[in-house]
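Take a look at the structure set out below.
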Amino acid sequence: MSAAAVDAGQLRRRVAEFLRSHDPTTMDRLAFLRARFDAGLAWVHFPAGLGGLDAPRALQSEVDAEFAAAGAPTNEPERNGIGLGMAAPTILRFGTDEQKARWLRPLWTGEEIWCQLFSEPGAGSDLAALGTRAVRDGTDWVVTGQKVWTSIAHRARWAILVTRTDPDVPKHRGMTYFVCDMTAPGVEVRPLRQLTGEAEFNEVFLTDVRIPDAHRLGDVGAGWTVAQTTLMNERVAIGGRSAPREGGMIGVVARTWRDRPELRTPGLHDALLRLWVDAEAARLTGVWLRQRLAAGHPGPEGSAIKLAYARVNQQVSGLELELLGDEGLRYDDWTMRRPGQVDFMGRSPGYRYLRAKGNSIEGGTSEILRNIIAERVLGLPGEIRVDKDVPWKDLPK
Amino acid sequence: MSDAGREAQPDLEYTAVEDELRGTVRALLTARAPWTAVLERVDSAEPHDICDMKLWRTLAAEVGCAGLAVPEELGGAGASFRETAVVIEELGRAVAPVPFLGSAVLATAALLAAEAEAEAGAGAAGGAGAGAELIGALAAGERTAALAVPFATPPGRPPAPDVRAAGGTLTGAVCGVADALAADVLLAPAGDGARDALYMVDVAAAGTAVRRTPVTSLDMTRPLCDVTFDAAPAREVATGDAAAAAVRSALLAGAALLASEQLGLAERCLEMTVEYVKNRYQFGRPVGSFQGLKHRLADLWVAVTQARAVARHAAACVATGHPDAEIAAAVAQAHCSPVAVLAAEECVQLHGGIGFTWEHPAHLYLKRAKSASIALGTADRHRAALARLVDLPPA
Numbered sequence: 001m002s003a004a005a006v007d008a009g010q011l012r013r014r015v016a017e018f019l020r021s022h023d024p025t026t027m028d029r030l031a032f033l034r035a036r037f038d039a040g041l042a043w044v045h046f047p048a049g050l051g052g053l054d055a056p057r058a059l060q061s062e063v064d065a066e067f068a069a070a071g072a073p074t075n076e077p078e079r080n081g082i083g084l085g086m087a088a089p090t091i092l093r094f095g096t097d098e099q100k101a102r103w104l105r106p107l108w109t110g111e112e113i114w115c116q117l118f119s120e121p122g123a124g125s126d127l128a129a130l131g132t133r134a135v136r137d138g139t140d141w142v143v144t145g146q147k148v149w150t151s152i153a154h155r156a157r158w159a160i161l162v163t164r165t166d167p168d169v170p171k172h173r174g175m176t177y178f179v180c181d182m183t184a185p186g187v188e189v190r191p192l193r194q195l196t197g198e199a200e201f202n203e204v205f206l207t208d209v210r211i212p213d214a215h216r217l218g219d220v221g222a223g224w225t226v227a228q229t230t231l232m233n234e235r236v237a238i239g240g241r242s243a244p245r246e247g248g249m250i251g252v253v254a255r256t257w258r259d260r261p262e263l264r265t266p267g268l269h270d271a272l273l274r275l276w277v278d279a280e281a282a283r284l285t286g287v288w289l290r291q292r293l294a295a296g297h298p299g300p301e302g303s304a305i306k307l308a309y310a311r312v313n314q315q316v317s318g319l320e321l322e323l324l325g326d327e328g329l330r331y332d333d334w335t336m337r338r339p340g341q342v343d344f345m346g347r348s349p350g351y352r353y354l355r356a357k358g359n360s361i362e363g364g365t366s367e368i369l370r371n372i373i374a375e376r377v378l379g380l381p382g383e384i385r386v387d388k389d390v391p392w393k394d395l396p397k
Numbered sequence: 001m002s003d004a005g006r007e008a009q010p011d012l013e014y015t016a017v018e019d020e021l022r023g024t025v026r027a028l029l030t031a032r033a034p035w036t037a038v039l040e041r042v043d044s045a046e047p048h049d050i051c052d053m054k055l056w057r058t059l060a061a062e063v064g065c066a067g068l069a070v071p072e073e074l075g076g077a078g079a080s081f082r083e084t085a086v087v088i089e090e091l092g093r094a095v096a097p098v099p100f101l102g103s104a105v106l107a108t109a110a111l112l113a114a115e116a117e118a119e120a121g122a123g124a125a126g127g128a129g130a131g132a133e134l135i136g137a138l139a140a141g142e143r144t145a146a147l148a149v150p151f152a153t154p155p156g157r158p159p160a161p162d163v164r165a166a167g168g169t170l171t172g173a174v175c176g177v178a179d180a181l182a183a184d185v186l187l188a189p190a191g192d193g194a195r196d197a198l199y200m201v202d203v204a205a206a207g208t209a210v211r212r213t214p215v216t217s218l219d220m221t222r223p224l225c226d227v228t229f230d231a232a233p234a235r236e237v238a239t240g241d242a243a244a245a246a247v248r249s250a251l252l253a254g255a256a257l258l259a260s261e262q263l264g265l266a267e268r269c270l271e272m273t274v275e276y277v278k279n280r281y282q283f284g285r286p287v288g289s290f291q292g293l294k295h296r297l298a299d300l301w302v303a304v305t306q307a308r309a310v311a312r313h314a315a316a317c318v319a320t321g322h323p324d325a326e327i328a329a330a331v332a333q334a335h336c337s338p339v340a341v342l343a344a345e346e347c348v349q350l351h352g353g354i355g356f357t358w359e360h361p362a363h364l365y366l367k368r369a370k371s372a373s374i375a376l377g378t379a380d381r382h383r384a385a386l387a388r389l390v391d392l393p394p395a
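Sequences listed follow chains A and B, in order. Be aware that the first sequence starts at 1, since it is given in my numbering, and climbs by one per residue. Be aware that the second sequence starts at 1, since it is given in my numbering, and climbs by one per residue.
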């Protein structure tokens, strides 16, 4: 850590100075972004030399706002959500100096997109059961296995990858975490079509993929610890969104209700009002969580928000179809497409209904979240574990 | 709908001052109103004595909780209903039998609104600031007041008063009034045929002209009574629109702050239940290790977490006169009423047999929660209010 923390005033001055010597309206986009990174104004809470200034994280939004006001290009963070939200904090925490220097800058600028090779067909909620094998071969590791639910693998240059390196010890102990080159021979990406018709995700088949030991993050056998850092950041990313009143799906249904009196029934009115209250309660809980985070009091409320939003989204989108009646029988498009992002608002009500089913599965199922809340927040006893002391290779599969 | 963007989102996090206030009130209630004492009191005291007036005086006068929402120039602490909400959260946790909601919230809010109307020169009937002196006395904990309307009355639709005013006296009956048994002063909406007004009646001075008949109440810790005025001497506090505004304002503050009481109650029920299932062994394991119970309690925790956000938001909106205050109070009531009931019902169920006994406190919470879900408007009435407030008209 650097000695003196940078405060808001100093940051403002640095942004102003930077913008004086780097005119965003004339400079090449990528050159501008690289220079912003090198000036420590990319993610200000990162260390100096790695795109930051060791400044408080809360000041980031102000810096972003000033760059936006100057008409500066962004690094299009939505294109690299896994890289920025999950890979970067993990590399920062566990990477060597060489690894940080190699990966963080092109990650932040968006030159290199990242994906996450964690889940497997046989390891969903029980991620630690994963079986993708990595075997040491000289200065390389040779990796073979199948990963699933991988967003943007088809555009990614790098992946964060958890593998099984020691099948003879209990599952949590025998894992190792790598960065995998998605262009390496033996990496095959296939679209995974979901029940909406499109393919946001992929299956990734790894066949004798060679990964240099220099691309290992953390110690051999410490993969689970490293993965925890990644997953903790996933929950923060998912719980952190903000919206005005009626900003989510409930707003779409409310507008339909107002505009189309002929669709109204007493039962749907009651259901709509109940869900309106639920949506507002979920929204205000999000407001409170963000206020707590900004004040430096992170709490477990993120799990509450994810559970609540999954339920509200599913129920609201279900109500919308019923309210629409005849129109609820139609769907916009079953064509297999590869969307860049989930677009709840731009598509048909049927899409909203179907896509919302994923909300209680992705990023931790609602059932696992309830276990986590029960055990970590309420302190209730853990599930009885039959697999804790059993070598991974002896687990029923 | 566009009001949301015009006024800033209130800060929902507790301030250091609020945390300190909570600590003081919790320490007092732990010492003076443990559930065993509350149970013994409701079990043995006469209806008139169920309110713990000694505790109330300490809370109101010594700790200064009764005047939190009252400006300093009127003799209060110059804080707001936001801090008041922290106190009522603690009172909900303890199901403490004190007339805080009736006196420090409903009556105080009515008088503050009447005072504000009087200052603005609108409908100042009994002379500007007729209630100012009473506000000061309530804030200082010297006197206790109640708003004489049925406790189930929702905000937004103050009832046409059944009480008749004539020649400076009131005659008529109001059923099911909260915290009136402990009150020295009753604030009663009444009409003389031509116009409605809000009156105050000094109970002691009225003698037999005011009769308070205790009701055997579902909520043993907040007993109701029926009030009968028989030519009771009364002073006008506000008249016409100002009187209606004062009553509306009181019911709105009451509904918003009741949500915080429900939050405190729900939180306490959840804590008690979690504690119990960790230590109750059946089948050789703590029953809290069964997923069927863990998931129910996790869901309840989610609901309570949301209850905190909506209750804090409602209290903050009422405290600042935010344009969303009515919406915020309706959302808070529509959410917190069923959550408090669920928490108390889960508390009974997950305690099993012991939870069904008289000797366990769960029933005190269940009775308070169910009554509170009807008080100041059921969740359904608040949803109906929302339908109007956010333009989602019925079929």
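From the three backbone atoms N, C-alpha and C, an ideal C-beta is built for every residue, glycine too.
Q) Would A:L307 pass as a contact of B:V302 if the rule is Cβ separation under 8 Å? A) yes
Q) Closer than 8 Å, CB to CB, is A:L273 near chain B or not? A) yes
Q.
With the cut-off set at 8 Å, would you say B:P158 and B:A255 are in Cβ contact?
A. no
Q | Simplified DSSP assignment, three categories, for B:C65 | A | coil
Q) Should A:R385 be flagged as near chain B, meaning a C-beta pair shorter than 8 Å? A) no
**Q.** Through-space distance from A:G174 to B:L218, alpha-carbon basis
**A.** 60 Å
(Q) Could you give the first and the last residue of the continuous beta strand (DSSP E) run that contains A:V204? (A) 201 to 212
(Q) Within the continuous alpha helix (DSSP H) that includes A:V312, where are the two ends? (A) 301 to 324
Q) Quick one: does B:S337 have its CB under 8 Å from some CB of chain C? A) Structure shown: chain C not included; protein chains present are A and B.
Q.
Could you tell me the alpha carbon to alpha carbon distance between B:A180 and B:L224, rounded to whole angstroms?
A. 7 Å
Q. Distance, Cα to Cα, A:A304 vs B:T305?
A. 7 Å
Q) If we count the other Cβ atoms within 10 Å of its Cβ and call it buried at 16 or more, is A:G239 buried or exposed? A) With a pLDDT of only 43 at A:G239, under the threshold of 50, the placement of this residue in the model should not be trusted, and no figure is reported.
Q.
Three or more C-beta pairs under 8 Å: does that hold for the region 372 to 392 of chain A against the region 345 to 363 of chain A?
A. no
Q: Could you check the C-alpha separation between B:A125 and B:G131 for me, to the nearest Å?
A: Caution applies to B:A125, whose pLDDT of 49 falls short of 50 and renders its modelled position unreliable; the value that the coordinates give is listed next. If you take the alpha carbons of B:A125 and B:G131, they lie about 11 Å apart.
Q: Buried or exposed for A:L329, please, with buried defined as at least 16 other CB atoms from any protein chain shown within 10 angstroms of its CB.
A: exposed
**Q.** CB of A:E98 within 8 Å of CB of A:P106, strictly
**A.** no
Q: Could you check the C-alpha separation between B:R22 and B:E261 for me, to the nearest Å?
A: 13 Å
Q: Taking A:Q291 as the query, report the chain B residues whose CB atoms sit under 9 Å from its CB, ordered along the chain.
A: Q9, D11, L12, E13
Q: Select from B:V274, B:L376, B:E359, B:G355 the residue whose C-alpha is nearest the C-alpha of B:A148.
A: B:L376
Q | B:R381: contacting residues in chain A (beta-carbon distance under 8 Å) | A | Within chain A, no residue comes near B:R381; the closest Cβ sits about 11 Å away, beyond 8 Å.
Q | Listed by chain order, chain B residues near A:N371 by CB distance under 8 Å | A | Q291, K294, H295, A298
Q) Hey, A:S151 and A:C115: beta-carbon distance below 8 Å or not? A) yes
Q. From this set, A:E362, A:L380, A:Q315, which residue's C-alpha is nearest A:R352's C-alpha?
A. A:Q315
Q. Should B:A33 be counted as a contact of the ligand ATP given a C-beta to heavy atom distance under 7 Å?
A. Absence of the ligand ATP from the depicted structure is noted, as is the absence of any ligand whatsoever, leaving it without description.
Q) Going by other Cβ atoms of all chains shown within 10 Å of its Cβ, with 16 needed for buried, is B:I354 buried or exposed? A) exposed
**Q.** Supposed contact pair A:P170 and A:P396 - C-beta distance, whole angstroms, cut 8 Å
**A.** About 14 Å; that fails the 8 Å criterion.
Q) At a Cβ threshold of 8 Å, is B:D19 touching chain A? A) no
Q. Can you name, in chain order, every residue of its own chain whose Cβ lies under 6 Å from the Cβ of A:L19, other than the five neighbours on each side?
A. A70
Q. What runs of the beta strand (DSSP E), each 3 residues or longer, lie entirely inside the region 229 to 275 of chain B?
A. 235 to 239
Q) Within 8 Å (strictly less), CB to CB, does A:E322 reach chain B? A) no
Q: Quick one: using the 10 Å Cβ neighbour count with 16 as the cut-off for buried, is B:P393 buried or exposed?
A: exposed
Q) Is it right to say A:Q228 is buried, meaning 16 or more other beta carbons lie within 10 angstroms of its own, or is it exposed? A) exposed
Q) Going by DSSP, which residues form a beta bridge with A:T139? A) According to DSSP, which records beta bridges pairwise, A:T139 is partnered with nothing at all.
Q. If you follow the beta strand (DSSP E) that A:I160 is part of, which residue opens it and which one closes it?
A. 158 to 164
Q. List, in order along the chain, the chain B residues whose C-beta lies closer than 8 Å to that of A:A16?
A. Neighbours of A:A16 on chain B: none; closest Cβ ~27 Å, over 8 Å.
Q | Residue from B:A253, B:L258, B:V25, B:G207 whose Cα sits closest to the Cα of B:A234 | A | B:G207
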